[in-house]
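Peer 1: Residue numbers (our numbering): -8 to 222. In this text, a Cβ means the ideal position worked out from N, Cα and C, and glycines have one as well.
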Ligand SMILES: Nc1ncnc2c1ncn2[C@@H]1O[C@H](COP(=O)(O)OP(=O)(O)O)[C@@H](O)[C@H]1O
Ligand SMILES: [Mg+2]
């Protein structure tokens, strides 16, 4: 199932998702749904000790995004908002879990990864909807690293180029999987930032592309007939 008016922004750490989320939402008159960073109680612990906190960090994030997701889908379907632009979708959470499980040091053990997938399957695959459009921002890992340094979050100091490279490879795989599942993907080269109005143009262009969506969550609309006095 897909939600009309649900746009996701995907991409590696530092590429520019949060900034574009705010700008694009403003331009489309949608609501921005941002990734919680300061309120995540595991993030700094995770970067200090990935093995110790990897699994619980993923569970926390999954729960956080699950709550966000249900709330905004309900608000879209009730017609309270036109739509949302979401900074990293719940679908992308699996990328991190998979990457940490495939890490040579098994940051997330096979047992924990299986439990996570079972939880994801139970919560997400059965209950949640796909975005109408997923925008994938891509830049080189060196550029992402420069942007991470520029924003200067203390806890991100331990991020390495290898970590970003592995994340990027997993993102490429993920984007193809989403495409196979029927989600419209808009890939944008974000090596240099583009003006928001250029992104708006691409969004409009892509929304006209045929898709294999079969079932939609559509916002309630006041039909014009309601105002017409029928005889
Ligand atoms: N369009 C843009 N114009 C100027 N600076 C940007 C733009 N997008 C991102 N940045 C800068 O790049 C850094 C990373 O961007 P951010 O949106 O926080 O990335 P992400 O959410 O993908 O981790 C920040 O310092 C941000 O201010
Ligand atoms: Mg961000």
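Is residue 79 buried or exposed, if buried means 16 or more other CB atoms sit within 10 Å of its CB?
Peer 2: Taking the first residue of the chain shown as position 1, residue 79 is located at position 88. When all chains shown are included, residue 79 counts as buried.
Peer 1: For residue 28, does the three-state DSSP call read helix, strand or coil?
Peer 2: For the purposes of this step, residue 28 is taken as residue 37 along the chain shown, with counting starting at 1. If DSSP states are grouped into helix, strand and coil, residue 28 belongs with coil.
Peer 1: I believe residue 197 touches residue 178 by the beta-carbon criterion, under 8 Å. Please report the beta-carbon distance rounded to the nearest angstrom.
Peer 2: On the chain shown, position 206 is the one that residue 197 refers to. On the chain shown, position 187 is the one that residue 178 refers to. With a Cβ gap of about 10 Å, residue 197 and residue 178 do not count as contacting.
Peer 1: Extract the residue ranges of the alpha helix (DSSP H) inside the segment 114 to 145, only unbroken runs of 4 or more that lie entirely within it.
Peer 2: Listed in chain order, they are 132 to 142.
Peer 1: For the structure I just gave you, are there three or more beta carbon pairs, one from the segment 177 to 193 and one from the segment 0 to 20, closer than 8 Å?
Peer 2: yes
Peer 1: Let me check one thing: in DSSP terms, what residues is residue 180 bridge-paired to?
Peer 2: Working through the chain shown from its first residue, we reach residue 180 at position 189. Answer by DSSP bridge pairing, in chain order: 129.
Peer 1: Pop quiz: residue 4 and residue 76 are said to be a contact at Cβ under 8 Å. What is the actual Cβ separation, rounded to whole angstroms?
Peer 2: Position 13 of the chain shown, counted from the first residue, corresponds to residue 4. Position 85 of the chain shown, counted from the first residue, corresponds to residue 76. Going by Cβ atoms, the distance from residue 4 to residue 76 rounds to 18 Å, so no, they are not a contact pair.
Peer 1: Can you tell me which of the three DSSP states residue -3 falls into?
Peer 2: As a position in the chain shown, residue -3 is number 6, starting the count at 1. Note: residue -3 maps to strand in three-state DSSP.
Peer 1: Is there at least one non-hydrogen atom of ligand 2 closer than 7 Å to the beta-carbon of residue 8?
Peer 2: By one-based count along the chain shown, residue 8 stands at place 17. Yes, since a heavy atom of ligand 2 falls inside the 7 Å radius drawn around the Cβ of residue 8.
Peer 1: On the three-state DSSP scale, how would you describe residue 96?
Peer 2: The residue you call residue 96 lines up with position 105 of the chain shown. DSSP places residue 96 in coil when its eight states are reduced to three.
Peer 1: Quick one: does the C-beta of residue 196 sit closer than 7 Å to a heavy atom of ligand 2?
Peer 2: By one-based count along the chain shown, residue 196 stands at place 205. No, since every heavy atom of ligand 2 falls outside the 7 Å radius drawn around the Cβ of residue 196.
Peer 1: Assuming residue -6 and residue 120 make a contact with CB atoms under 8 Å, what is their CB distance in whole Å?
Peer 2: Within the chain shown, the letter at position 3 stands for residue -6. Within the chain shown, the letter at position 129 stands for residue 120. With a contact defined as Cβ atoms closer than 8 Å, residue -6 and residue 120 qualify at about 4 Å.
Peer 1: For residue 78, verify whether its CB is less than 7 Å away from any heavy atom of ligand 2.
Peer 2: For this step, residue 78 is matched to residue 87 along the chain shown. Yes; taking the cut-off as 7 Å, the Cβ of residue 78 has a heavy atom of ligand 2 nearer than that.
Peer 1: Using a Cβ distance threshold of 8 Å, determine whether the segment 85 to 98 contacts the segment 124 to 133, with at least three qualifying pairs required.
Peer 2: no
Peer 1: Exposed or buried, what is residue 143 when buried is set at 16 or more other beta-carbons lying within 10 Å of its beta-carbon?
Peer 2: Here the question's residue 143 lines up with position 152 in the chain shown. Result: exposed.
Peer 1: State yes or no: is the C-beta of residue 26 nearer than 7 Å to some heavy atom of ligand 2?
Peer 2: One-based indexing of the chain shown puts residue 26 at position 35. Yes; taking the cut-off as 7 Å, the Cβ of residue 26 has a heavy atom of ligand 2 nearer than that.
Peer 1: Can the beta-carbon of residue 15 be found less than 8 Å from the beta-carbon of residue 187?
Peer 2: Translated into the one-based positions of the chain shown, residue 15 becomes position 24. Translated into the one-based positions of the chain shown, residue 187 becomes position 196. A contact, by the Cβ cut-off of 8 Å.
Peer 1: Does the beta-carbon of residue 192, which I'm using as the reference point, lie nearer than 7 Å to any heavy atom of ligand 1?
Peer 2: Here residue 192 refers to the residue found at position 201 when the chain shown is read from its first residue. No - ligand 1 has no heavy atom lying nearer than 7 Å to the Cβ of residue 192.
Peer 1: How many angstroms separate the CA atom of residue 43 from the CA atom of residue 70?
Peer 2: As a first step, residue 43 must be located in the chain shown, where it is residue number 52. As a first step, residue 70 must be located in the chain shown, where it is residue number 79. Looking at the two C-alpha atoms, the distance is approximately 43 Å.
Peer 1: Looking only at DSSP bridge pairs, what is residue 22 linked to?
Peer 2: Taking the first residue of the chain shown as 1, we reach residue 22 at position 31. Beta-bridge pairing links residue 22 to 75.
Peer 1: Per DSSP, what kind of secondary structure is residue 3 in: helix, strand or coil?
Peer 2: Stepping through the chain shown from its first residue, residue 3 is reached at position 12. Coil, per DSSP.
Peer 1: Buried or exposed, going by whether 16 or more other CB atoms sit within 10 Å of the CB of residue 135?
Peer 2: Taking the first residue of the chain shown as position 1, residue 135 is located at position 144. So residue 135 ends up on the buried side.
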